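Shown next, in structure tokens, is the structure this report addresses.
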Ligand SMILES: [Zn+2]
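Residue numbers (full-length UniProt numbering): 1 to 453.
Structure follows, in structure tokens:
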């Protein structure tokens, strides 16, 4: 974290007298370092919850449990100085916890479940070490939207461009549940500039690479390249019901109510020219261009110029004169271009792709990768996510307590851990248990049948 970022972070904190007094005694300077991280892994990181999640019910007493399951999962640690430890695996929660505390990784990644323990892979020939299970994952990074956001670029995000991530969560979450029938979906803030999605249903974990690629392709719409101004092409196809629903339920609202004005999409000639390039009709574009260049000189209306220009564009393209379906579709194409989710396809397509574990801390921002509730993701504010130093400060305020198990409970991380448990982990483990029970019973029935026969 640069000094500038540290100061910016401090600037918007209003401290009243009482809080200020407390802070003097317990203040923890902003930042990210091994010492902070040691306290975090020692007192706050929910090792047990990660273990329970990654065990998928196989840590229980049920005879159908696969006791080797957790031990075949790859973890990968990135240490200080970019030392990269791949193929770590552990046979119990205490092994996992001790290793994390000892190595104090700057980043923990989670890979697939292999056919054998990854840590012992050298004892096998390569063809015996194969990934057999993996959550279906999605990685959405706001840097992929740099051509449609004007407030920030690169790794920066603010509340004006974050709604692009909200749109992505809403569109993808709905499709995963309604179109694919998945139920156990975890959304996580990546700590800096995007979101991750973990689909954890049994049938998702067992997808082949080909099936993963097919699902990723279902979401693929962004086909832009440097030689093509059109990022999206909807013409010539009946719009898929998924796209119609995404448009009417999410994209149109976010485009018109948020992005249009917050990104000032029509505010300069350079910006509106980019949109006019998407309209393949010279007479319309020159008429709009004429209007816009004129009212730039004499701004008569008190309404937001972006709203005015958008309405004019819509009016022209959707008027009855425009019989050609292609032109009417231009409105939708523009909305899709500026708001539709852009996925990092490679992450989703392959089982053995690593993805950062929830509850890691991002080294550049110091922010914890907390879960996001898709049901109220519009309320999620990346600028208020707990930072490492804030959490340590909260720990300090509470004083030393040897008797408390869940130290996170008295910090602002508590809300996130409770949400992880109640909305994700508990329902997931319940259905793992049911799945285990029913497959065990049917096997039992089969063997009974074969005996009686
Ligand atoms: Zn921004």
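Glycine residues also receive a C-beta, built at the ideal position from the N, C-alpha and C atoms. In this text, all values refer to a predicted model and were calculated from it rather than measured experimentally.
Do residue i and ligand 1 come close, with the Cβ less than 7 angstroms from some heavy atom?
| i | result |
| --- | --- |
| residue 195 | no |
| residue 376 | no |
| residue 385 | no |
| residue 149 | yes |
| residue 161 | yes |
| residue 188 | no |
| residue 200 | no |
| residue 157 | yes |
| residue 360 | no |
| residue 534 | Outside the displayed range of the chain (1 to 453) lies residue 534, so it cannot be described from this structure. |
| residue 152 | yes |
Tell me the rounded alpha-carbon separation between residue i and residue j.
| i | j | result |
| --- | --- | --- |
| residue 437 | residue 204 | 19 angstroms |
| residue 217 | residue 303 | 40 angstroms |
| residue 456 | residue 313 | Missing from the structure shown is residue 456; the chain here goes from 1 to 453 and no further. |
| residue 179 | residue 214 | 13 angstroms |
| residue 170 | residue 329 | 23 angstroms |
| residue 183 | residue 347 | 20 angstroms |
| residue 8 | residue 152 | Any reading at residue 8 is ruled out, since the residue's pLDDT is 43, under 50, leaving its predicted position unreliable. |
| residue 71 | residue 34 | 27 angstroms |
| residue 98 | residue 46 | 13 angstroms |
| residue 270 | residue 294 | 15 angstroms |
| residue 160 | residue 148 | 12 angstroms |
| residue 359 | residue 155 | 20 angstroms |
| residue 158 | residue 66 | 45 angstroms |
| residue 224 | residue 101 | The predicted model places residue 224 with a pLDDT of 46, which falls under 50 and marks its position as unreliable; any figure quoted below should be read in that light. Approximately 45 angstroms, taken between the alpha carbons. |
| residue 53 | residue 425 | 6 angstroms |
| residue 247 | residue 375 | 18 angstroms |
| residue 229 | residue 311 | Because residue 229 sits at a pLDDT of 47, beneath the cut-off of 50, its placement in the model cannot be relied upon, and the following sentence gives the value as read from the coordinates. Cα to Cα, residue 229 sits roughly 22 angstroms from residue 311. |
| residue 174 | residue 207 | 19 angstroms |
| residue 43 | residue 392 | 10 angstroms |
| residue 116 | residue 202 | 19 angstroms |
| residue 305 | residue 265 | 10 angstroms |
| residue 332 | residue 355 | 33 angstroms |
| residue 22 | residue 220 | Summary for residue 22: the model assigns pLDDT 49, below 50, so the residue's position carries little reliability; its value from the coordinates is reported in the next sentence. Approximately 51 angstroms, taken between the alpha carbons. |
| residue 362 | residue 390 | 14 angstroms |
| residue 366 | residue 119 | 30 angstroms |
| residue 379 | residue 251 | 17 angstroms |
| residue 41 | residue 372 | 21 angstroms |
| residue 222 | residue 232 | Confidence is the limiting factor: at residue 222 the pLDDT is only 49, short of 50, which leaves the residue's position unreliable and the question unanswerable from this model. |
| residue 129 | residue 349 | 19 angstroms |
8 angstroms is my cut-off, CB to CB: does residue i come that close to chain D?
| i | result |
| --- | --- |
| residue 408 | Judged by its chain identifiers, the structure shown contains no chain D, having just a single protein chain. |
Going by DSSP, which residues form a beta bridge with residue i?
| i | result |
| --- | --- |
| residue 141 | 194 |
| residue 371 | 188 |
| residue 361 | 368 |
| residue 355 | 110 |
| residue 88 | 75 |
| residue 387 | 367 |
Heavy atom of ligand 2 less than 7 angstroms from the Cβ of residue i, yes or no?
| i | result |
| --- | --- |
| residue 316 | As presented, the structure is devoid of ligand 2, carrying ligand 1 as its sole ligands. |
_Validate contact between the stretch 334-353 and the stretch 371-389 using beta carbons, cut 8 angstroms, 3 pairs_ = no
_Cβ pair count under 8 angstroms reaching 3, the stretch 187-203 against the stretch 136-149_ = Taking one beta carbon from each stretch, the stretch 187-203 and the stretch 136-149 have 3 or more pairs nearer than 8 angstroms; the two touch.
_Segments of 3+ residues assigned as beta strand (DSSP E) that fall wholly inside the stretch 38-86_ = For the beta strand (DSSP E) assignment, the uninterrupted runs of no fewer than 3 residues enclosed by the stretch 38-86 are, from N- to C-terminal side, 73-78.
_Inter-stretch contact at 8 angstroms, needing at least 3 Cβ pairs: the stretch 160-175 / the stretch 248-259_ = Remark: three or more beta-carbon pairs, one from each stretch, lie closer than 8 angstroms, so the stretch 160-175 and the stretch 248-259 are flagged as touching.
*asked:* Ignoring anything shorter than 3 residues, give me the beta strand (DSSP E) runs that lie fully in the stretch 198-273, in order along the chain.
replied: none
*Inspect the CB distances between the stretch 58-76 and the stretch 431-447 and report whether three or more fall short of 8 angstroms.*
yes
*asked:* At 4 residues or longer, what runs of the alpha helix (DSSP H) sit wholly inside the stretch 402-432?
replied: 414-419
*Minimum length 3: unbroken beta strand (DSSP E) runs contained in the stretch 303-334*: Given a length threshold of 3 residues, the stretch 303-334 has no whole run of the beta strand (DSSP E) inside it.
*Unbroken alpha helix (DSSP H) runs of length 4 or more, entirely within the stretch 91-147: which are they?*
93-103
*Within the chosen definition, does the stretch 71-90 reach the stretch 102-110 through at least 3 CB pairs nearer than 8 angstroms?*
yes
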